[in-house]
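Reading through the structure tokens given below for one structure.
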Amino acid sequence: MRDLPEALATHLVQTSTTTCHAWRLTRTDGLVLGFTEHDHELEFDGTVFSAATGFRASEVESGLGLEADAADVAGAFSASAISADDLALGRYDGARVETFLVNWQNPDDHALLSTRQLGEVRTAGQAFTVELRSLAAGLDQPHGRLYGKRCDADLGDARCTKDISIAPFTMTGAIVDIVDELTLIVSGLESLAAGWFGNGRIRFSDGLLEGVSADISNHTIIADGARLALWQPLARLPESGDQLAVSAGCDKAFETCSGKFGNGLNFQGFPYLPGSDFAYGYADADTVHDGRPIVP
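Structure (structure tokens):
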């Protein structure tokens with residue numbers, strides 16, 4: 104049972120009420136935005152909640168257990184609030200959304216109804232609908248380590264420990280040509296052999312895609328520069344001349360970790376883990392069992 108502030112609880116038992124919903128959205132980069140379905144701007148809890156944004160909420164059914172309930176919030180794109188480009192480029196991915204019930208005649212009378220994360224985003228013209236997933240939805244995701252022959256760390260993270268911020272592991276370049284949403288021609292990478300940036304990552308430094316990252320599937324050398332093929336299409340296309348940083352790729356194999364990066368001691372996989380053929384094996388009279396290692 105939710106405990107409401109005394110003033111708000113007293114207001115809600117009246118025959119007529121003056122309540123509305125408000126949402127506080129906190130992006131992963133720290134930007135905080137406030138919205139309300141009321142027709143006037145509201146301010147409480149240190150946040151200004153903008154009106155006239157076209158925001159409205161759907162019904163939501165919540166259970167007492169750990170079911171991952173969800174709700175929808177619909178709104179209109181606005182240059183001063185949420186733009187279509189920002190949503191498409193993933194700048195709101197993983198954002199936290201707090202939903203409030205507030206007495207618009209006295210905004211200090213408010214209650215936090217739920218805290219959720221942004222889920223699926225659906226767009227239609229100048230409008231969008233955002234799914235709000237409960238925090239219990241995180242219980243559906245795998246957690247902990249997976250034991251396998253390949254490394255399960257991200258290149259350059261605290262577990263990998265390899266510093267890839269310097270050349271030749273990270274190089275800067277510029278867009279020469281955009282073949283399509285999956286293929287870019289980049290200058291500044293010609294000194295490195297083809298394949299060096301395969302399975303790597305690009306991060307745009309300026310332009311419309313500033314701060315956006317994309318994973319590289321293949322790296323080849325052509326007359327105009329380096330040709331980078333991406334795993335997934337870009338939601339928006341960059342422009343020629345846009346600057347970007349390109350990080351070397353790792354296929355998570357022990358040979359790559361030790362040979363390409365000289366980081367074999369910090370390899371976070373199990374290269375000599377016996378495979379399924381060994382697990383299904385059994386002792387028999389024809390096999391020599393002399394205690395030698397089962398792996399080289």
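Under my numbering, the first residue of the sequence shown carries the number 104, and numbering increases by one thereafter.
Where a beta carbon is used, it is the ideal one built from N, C-alpha and C, also for glycine.
Taking the continuous beta strand (DSSP E) assigned at residue i, which residues delimit it?
i: L235; result: 230-237
i: F300; result: Element bounds for F300: n/a, residue is neither H nor E.
i: G310; result: Segment: none, G310 is in no beta strand (DSSP E) and carries neither H nor E.
i: S361; result: Counting along the chain, S361 falls outside any beta strand (DSSP E), though it belongs to the alpha helix (DSSP H) covering 357-362.
i: L347; result: 346-350
i: E146; result: 145-147
i: T150; result: 150-152
Compare the C-alpha of residue i against each of the options and name the closest.
i: A110; options: T264, Q335, D142, N206; result: N206
i: R225; options: R253, P210, G193; result: G193
i: D327; options: G291, R236, A351; result: G291
i: A230; options: P336, L190, G197; result: L190
i: G298; options: S237, E342, G259, A351; result: A351
i: E344; options: T359, L287, E293; result: Just to set this straight, residue 344 is Gly in the shown sequence, not Glu. Of T359, L287, E293, the residue nearest in Cα terms is L287.
i: Q220; options: H141, T122, T129; result: T129
i: G377; options: S320, A296, Y250; result: Note on identity: in this sequence residue 377 is Pro, with Gly being the wrong assignment. Considering only alpha carbons, the answer is Y250.
i: V279; options: E342, E358, T120, F370; result: E342
i: K252; options: A112, T359, R127, L136; result: T359
i: V349; options: S119, G314, L136, T121; result: G314
i: S316; options: T120, A338, T218, H322; result: A338
i: L238; options: G259, R199, H246; result: R199
i: Q208; options: L115, Y375, K363; result: L115
i: D148; options: F357, H213, F300; result: H213
i: T121; options: L204, F138, E293; result: L204
i: V296; options: V289, T323, I319; result: Position check: residue 296 holds Ala in this sequence, whereas Val was assumed. Nearest of V289, T323, I319 to A296, Cα basis: T323.
i: L258; options: L134, I325, A356, C123; result: A356
i: E293; options: T118, I325, R105, F138; result: I325
My guess is that residue i and residue j are in contact by the Cβ rule of under 8 Å, so how many angstroms apart are they, rounded?
i: G372; j: D255; result: 6 Å
i: T79; j: L216; result: Any answer about residue 79 is impossible in this case: the structure gives the chain only from 104 up to 399.
i: L340; j: I281; result: 6 Å
i: A154; j: H143; result: 5 Å
i: G414; j: T131; result: Absent from the model: residue 414. The displayed extent of the chain is 104 to 399, so no value can be given.
i: P336; j: E284; result: 4 Å
In this structure, what does DSSP give as the bridge partners for residue i?
i: L333; result: I319
i: N206; result: T122
i: D280; result: I288
i: V200; result: L128, R219
i: L136; result: L128
i: I71; result: Nothing about residue 71 can be read from this structure; the chain reaches only from 104 to 399.
i: V224; result: V233
i: A214; result: L204
i: T407; result: Given a span of 104 to 399 for the chain in the structure shown, any question on residue 407 remains unanswerable.
May I ask you to check if the CB of residue i is nearer than 7 Å to at least one heavy atom of the ligand GDP?
i: N369; result: Ligands displayed in this structure: none; no statement on the ligand GDP is therefore possible.
Would you give the residue range spanned by the alpha helix (DSSP H) that residue i belongs to?
i: L190; result: 187-191
i: T113; result: 109-115
Taking contact to mean 3 or more Cβ pairs, one atom from each stretch, closer than 8 Å, check whether the segment 299-310 and the segment 329-342 are in contact. yes
Please confirm if the segment 263-278 is in contact with the segment 238-247, defined as three or more CB-CB distances below 8 Å between the two stretches. no
The segment 255-269 touching the segment 307-318, judged by at least three CB pairs closer than 8 Å: no
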